[in-house]
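Asks: Sharing a structure with you now.
In our numbering, the protein residues as written are 35 to 223.
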């Protein structure tokens, strides 16, 4: 799978407007998540995960073993966010976003989807980050992995400190701040 093959999540309106049983929910959620994983099993959500998310308070309890559309979309968001944030951090982020969206789950999902699309466009289509669409060698792969690590680090620090965090770049030495990404590559030969 290449970055160009990634598609966008379904819009809120395309999700079923009826309550669904667990197997139906997992089918929809995992179909959405499979857009972002080479191996669909890699990012899959299981029934036991859903039950744990309910126990942890990340997901509201099903009614008569049926899940509402907002629970389905929340599972899609959890499936993506759990790749970079802890469950506690995801819960905190959802609380903050819901407060911003005045409690609307549909607006939360639409904001999430828009942010994902915007991030994709910024990183890959506009070339805001100096990355290759397809890494050419091991040093490019390492660069991507380390950028992912540093981006995750900054996102979690911002979430933990809620605005009191000075961005990571400001704490770097001047020569690193000024260097283009290709100069920071580590040769792995």
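We put the beta carbon where it would ideally sit given N, CA and C, even for glycine.
Computed from a predicted model, the values in this text were never measured in an experiment.
(1) For the alpha helix (DSSP H) containing residue 103, list its first residue and its last residue.
(2) If we call anything under 8 Å between Cβ atoms a contact, is residue 49 one with residue 106?
(3) Ignoring anything shorter than 3 residues, give me the beta strand (DSSP E) runs that lie fully in the stretch 67-155, in order along the chain.
(4) If we count the other Cβ atoms within 10 Å of its Cβ and call it buried at 16 or more, is residue 55 buried or exposed?
(5) Would you say the beta carbon of residue 147 is closer than 7 Å to some non-hydrogen atom of the ligand COA?
(6) Can you list, in chain order, the residues of its chain with a C-beta nearer than 8 Å to that of residue 189? Leave out the 5 residues immediately preceding and following it.
(7) Judging by CA-CA distance, which residue of 100, 147, 144 and 121 is the nearest neighbour of residue 58?
(8) So, with DSSP's three-state summary, where would you put residue 49?
Replies: A quick look at the data gives this:
(1) 103-115
(2) yes
(3) none
(4) exposed
(5) Ligands in the displayed structure: none, and consequently the ligand COA is not present.
(6) Excluding sequence positions up to five before and after residue 189, its CB lies within less than 8 Å of the CB of 118 and 119, all in the same chain and listed in chain order.
(7) If we check each option's Cα against that of residue 58, 100 comes out closest.
(8) coil
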